[in-house]
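2 protein chains.
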Amino acid sequence: MSGKLTVIGLGPGHESQLTAQASEALASAQILYGYGPYLDRVPERAHQRRVASDNRQETERASDALMQAAHGASVAIVSGGDPGVFAMAAAVCQAMEQGPSSWRELELAIVPGVTGMLAVAARVGAPLGHDFCALSLSDNLKPWSIVEKRLQAAAAAGFVIALYNPISRARPWQLDRAFELLRELLPAHTPVVFGRAVNRVDECVHITPLSSALGAQADMATCVIVGSSETRLVQRPNQAPLVYTPRSLAASST
Amino acid sequence: MSGKLTVIGLGPGHESQLTAQASEALASAQILYGYGPYLDRVPERAHQRRVASDNRQETERASDALMQAAHGASVAIVSGGDPGVFAMAAAVCQAMEQGPSSWRELELAIVPGVTGMLAVAARVGAPLGHDFCALSLSDNLKPWSIVEKRLQAAAAAGFVIALYNPISRARPWQLDRAFELLRELLPAHTPVVFGRAVNRVDECVHITPLSSALGAQADMATCVIVGSSETRLVQRPNQAPLVYTPRSLAASST
Numbered sequence: 371m372s373g374k375l376t377v378i379g380l381g382p383g384h385e386s387q388l389t390a391q392a393s394e395a396l397a398s399a400q401i402l403y404g405y406g407p408y409l410d411r412v413p414e415r416a417h418q419r420r421v422a423s424d425n426r427q428e429t430e431r432a433s434d435a436l437m438q439a440a441h442g443a444s445v446a447i448v449s450g451g452d453p454g455v456f457a458m459a460a461a462v463c464q465a466m467e468q469g470p471s472s473w474r475e476l477e478l479a480i481v482p483g484v485t486g487m488l489a490v491a492a493r494v495g496a497p498l499g500h501d502f503c504a505l506s507l508s509d510n511l512k513p514w515s516i517v518e519k520r521l522q523a524a525a526a527a528g529f530v531i532a533l534y535n536p537i538s539r540a541r542p543w544q545l546d547r548a549f550e551l552l553r554e555l556l557p558a559h560t561p562v563v564f565g566r567a568v569n570r571v572d573e574c575v576h577i578t579p580l581s582s583a584l585g586a587q588a589d590m591a592t593c594v595i596v597g598s599s600e601t602r603l604v605q606r607p608n609q610a611p612l613v614y615t616p617r618s619l620a621a622s623s624t
Numbered sequence: 371m372s373g374k375l376t377v378i379g380l381g382p383g384h385e386s387q388l389t390a391q392a393s394e395a396l397a398s399a400q401i402l403y404g405y406g407p408y409l410d411r412v413p414e415r416a417h418q419r420r421v422a423s424d425n426r427q428e429t430e431r432a433s434d435a436l437m438q439a440a441h442g443a444s445v446a447i448v449s450g451g452d453p454g455v456f457a458m459a460a461a462v463c464q465a466m467e468q469g470p471s472s473w474r475e476l477e478l479a480i481v482p483g484v485t486g487m488l489a490v491a492a493r494v495g496a497p498l499g500h501d502f503c504a505l506s507l508s509d510n511l512k513p514w515s516i517v518e519k520r521l522q523a524a525a526a527a528g529f530v531i532a533l534y535n536p537i538s539r540a541r542p543w544q545l546d547r548a549f550e551l552l553r554e555l556l557p558a559h560t561p562v563v564f565g566r567a568v569n570r571v572d573e574c575v576h577i578t579p580l581s582s583a584l585g586a587q588a589d590m591a592t593c594v595i596v597g598s599s600e601t602r603l604v605q606r607p608n609q610a611p612l613v614y615t616p617r618s619l620a621a622s623s624t
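First to last, the sequence lines map onto chains B and A. Just so you know, we're using the working numbering here: the first sequence kicks off at 371 and counts up by one. Just so you know, we're using the working numbering here: the second sequence kicks off at 371 and counts up by one.
In structure tokens form, the structure reads like this:
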């Protein structure tokens with residue numbers, strides 16, 4: 371019997387934001403691998419084994435899961451949000467490319483999910499309604515000089531910017547430095563959205579003008595969305611304000 | 371009684387890729403608005419009214435839905451993929467900003483969904499595994515010069531590029547022009563993924579090197595993902611090839 375590996379996106383956190391396809395894939399796996407807090411979101415099932423690991427152990431997790439699949443098991447790796455966005459799908463593909471040739475013959479399925487920036491955007495309006503980019507602020511996996519270059523290129527070209535992995539204990543200053551760079555290129559009033567745990571009990575979403583945005587407003591589970599010069603903040607009586615980026619850009623505004 | 375407007379993401383097409391939250395929101399609306407082919411995906415319900423409109427009528431659709439909500443109805447607008455990505459959420463926010471003040475007091479909820487690029491990426495591996503951008507190739511809503519500027523900025527800075535609205539009868543040459551520009555900045559072998567109707571009966575996904583990518587390979591429902599210089603194509607025996615962008619970027623490769 372040949373095994374199978376499925377990489378499953380759990381969505382941004384609340385169980386109602388899981389797709390039916392992801393629920394079915396979770397139910398049919400014999401072994402579940404994942405970062406502990408993501409596995410904790412999945413209901414326990416009899417006869418299903420779980421292997422939790424730390425969030426810095428993506429490569430080992432991918433290899434372990436592939437090895438079990440190569441031995442004939444039906445294996446799943448769970449990922450928060452979408453597995454293809456700064457998450458496990460790329461780690462699995464890399465392990466398949468670099469590992470034993472038998473791994474490349476395995477059946478691989480990737481189940482997409484609602485990635486963090488979409489959930490945060492939906493909570494405040496439509497900040498990603500026009501061209502945007504998604505950038506990991508972590509310099510564990512790329513040099514900081516490249517992060518700066520990409521931030522500047524994206525802001526100068528008019529992309530809204532969604533920042534993943536904005537801050538951590540080991541990377542305390544990078545988000546403040548990013549805001550500093552962006553303040554040189556974008557208007558002071560540009561809306562910045564900080565969103566974490568959207569739709570969960572510990573949800574925390576706030577909107578700040580770029581001029582006063584601070585790294586300390588985020589933690590490692592926050593997705594930060596920095597508007598473009600077109601992004602608008604709309605105050606509403608008795609309701610939270612809206613942040614959106616208009617779909618159209620007039621020729622005169624360029 | 372005060373009304374409510376919900377903007378609902380239907381995901382990339384197959385019903386199994388809808389979230390539970392979206393299903394519930396669809397069931398509880400009194401009136402559903404949307405582009406005809408999207409409404410056709412939603413099961414008919416007794417006592418639920420549907421108002422289909424053309425895909426160029428986003429502004430009118432948003433205003434009509436807001437007007438009904440302001441009259442006290444529970445109204446939903448459906449959107450393919452995620453409503454916040456080149457879709458209805460921004461049109462609704464803009465109508466709320468510019469319309470009667472009573473519209474700004476309405477309860478608005480946006481239900482995120484799996485946007486097209488995530489579904490296409492999942493089908494082939496993890497091309498969006500590193501920094502990426504999403505760009506609408508339509509010059510109906512912005513000048514073509516801006517599209518060119520953004521394509522060049524994104525490719526030069528090392529972003530993978532997901533192209534939405536790549537081609538239509540009214541915009542037949544833009545995608546070929548985009549490939550021409552990108553060929554000046556990216557290696558000839560850079561993988562380009564064309565994906566449409568992922569997981570549906572008429573699914574069509576193919577992978578082409580940038581050197582031979584053609585606009586005619588896409589239609590208006592295709593999402594096109596152009597790799598960066600880091601994106602890899604992995605051939606596999608007896609399985610479709612994988613396309614992925616490694617999570618890490620070595621300092622030497624910059």
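Using N, Cα and C, we set each Cβ at its ideal position, and we do this for glycine too.
Report buried or exposed for W473/B, applying the criterion of at least 16 other Cβ atoms within 10 angstroms of its Cβ. For the purposes of this step, residue 473/B is taken as residue 103 along the first sequence, with counting starting at 1. W473/B counts as buried, since no fewer than 16 other beta carbons sit within 10 angstroms of its beta carbon.
Going along chain B in order, which residues have a C-beta closer than 8 Å to the C-beta of N608/A? As a working note, residue 608/A is residue 238 in the second sequence. Ordered by position in chain B, the residues that pass the 8 Å Cβ test against N608/A are E475.
Cβ pair count under 8 Å reaching 3, the stretch 501-516 of chain B against the stretch 530-540 of chain B: When Cβ pairs closer than 8 Å are counted between the two stretches, the stretch 501-516 of chain B is seen to touch the stretch 530-540 of chain B, the count reaching three or more.
I'd like the list of long-range same chain contacts for L498/B, defined as Cβ closer than 8 Å, with 5 residues on each side in sequence excluded. Taking the first residue of the first sequence as position 1, residue 498/B is located at position 128. So the list reads M487, L488, A491, V530, A532, I595, T615, once near-sequence residues are dropped.
Would you say L603/A lies against chain B (beta-carbon separation less than 7 Å)? Indexing the second sequence from 1 puts residue 603/A at position 233. It does not: the Cβ of L603/A has no partner Cβ on chain B nearer than 7 Å.
Give the interface partners of F549/B over in chain A, defined as CB-CB distance under 7 Å, in chain order. By one-based count along the first sequence, residue 549/B stands at place 179. Neighbours of F549/B in chain A, taken as residues at a C-beta separation under 7 Å, are lacking, since the least C-beta distance is about 18 Å.
Enclosing beta strand (DSSP E) for P557/A [first to last residue]: Reading the second sequence from its first residue, position 187 is the one you call residue 557/A. Neither: P557/A is in no beta strand (DSSP E) and is coded neither H nor E.
Residues from the stretch 393-415 of chain A in contact with chain B, defined by Cβ distance under 9 Å: Contacts with chain B (Cβ-Cβ distance below 9 Å) from the stretch 393-415 of chain A involve S393, E394, listed in chain order.
Would you call L478/A buried or exposed, if buried means 16 or more other Cβ atoms sit within 10 Å of its Cβ? Mapped onto the second sequence, residue 478/A falls at position 108. It counts as buried.
Along chain A, in chain order, which residues have C-beta atoms closer than 8 Å to that of S386/B? Position 16 of the first sequence, counted from the start, is the residue given in the question as residue 386/B. Ordered by position in chain A, the residues that pass the 8 Å Cβ test against S386/B are T389, A390, Q391, E394.
Please determine if the stretch 586-604 of chain A and the stretch 392-399 of chain A are in contact, where contact requires at least 3 C-beta pairs separated by less than 8 Å. These segments do not touch.
Of all the options A523/A, P557/A, S393/A, which has the alpha carbon lying nearest to the alpha carbon of A583/A? Residue 583/A sits at position 213 when you count from the first residue of the second sequence. Comparing Cα positions, the closest option is P557/A.
Just checking my contact of G528/B with C463/A at CB under 8 Å: how many whole Å lie between their CB atoms? In the first sequence, residue 528/B corresponds to position 158, counting from 1. In the second sequence, residue 463/A corresponds to position 93, counting from 1. Not really, about 18 Å apart at Cβ, beyond 8 Å.
In chain B, which residues lie with their C-beta within 7 Å of the C-beta of T485/A? Stepping through the second sequence from its first residue, residue 485/A is reached at position 115. Annotation: Cβ neighbours of T485/A in chain B (cutoff 7 Å, chain order): L488.
Between A630/A and A465/A, which are expected to be in contact by the criterion C-beta below 8 Å, what is the C-beta distance as a whole number of angstroms? For chain A, the structure presents residues 371 to 624; residue 630/A sits outside this window and is missing.
Closer than 7 Å by C-beta to V448/B: which residues in its own chain qualify, once you throw out the five before and the five after it? Chain order, please. Here residue 448/B is taken as the residue at index 78 of the first sequence, counted from 1. Taken in chain order, the residues that qualify are I378, L380, L402, G404, Y408, L409, V412.
C-alpha gap between Q609/A and E475/B, whole angstroms: By one-based count along the second sequence, residue 609/A stands at place 239. By one-based count along the first sequence, residue 475/B stands at place 105. If you take the alpha carbons of Q609/A and E475/B, they lie about 7 Å apart.
Does any CB atom of chain B fall closer than 7 Å to the CB of S618/A? The residue labelled residue 618/A in the question sits at position 248 within the second sequence. Interface criterion met: the Cβ of S618/A is under 7 Å from a Cβ in chain B.
Between E430/A, S444/A, G451/A, which lies nearest to Q468/A when the distance is taken from Cα to Cα? For the purposes of this step, residue 468/A is taken as the residue at position 98 of the second sequence. Considering only E430/A, S444/A, G451/A, the residue with the shortest C-alpha distance to Q468/A is E430/A.
CB contact below 7 Å: C503/A versus chain B: Residue 503/A sits at position 133 when you count from the first residue of the second sequence. At least one chain B Cβ lies under 7 Å of C503/A.
What in chain B is Cβ-close to S433/A, meaning under 8 Å? The residue given as residue 433/A occupies position 63 in the second sequence. Neighbours of S433/A on chain B: none; closest Cβ ~15 Å, over 8 Å.
Output, in chain order, the set of chain A residues within a Cβ distance shorter than 7 Å of E554/B. Locating residue 554/B in the first sequence gives position 184, counting from the first residue. Those do not exist, as E554/B stays about 16 Å from chain A at its closest Cβ, beyond 7 Å.
Where DSSP assigns a beta bridge to I577/A, which residues make up the other side? Position 207 of the second sequence, counting from 1, holds the residue named residue 577/A. According to DSSP, I577/A bridges with V563/A.
Between L612/A and chain B, is any beta-carbon pair separated by less than 7 Å? For the purposes of this step, residue 612/A is identified with residue 242 of the second sequence, where counting begins at 1. Yes - at least one Cβ of chain B is within 7 Å of the one on L612/A.
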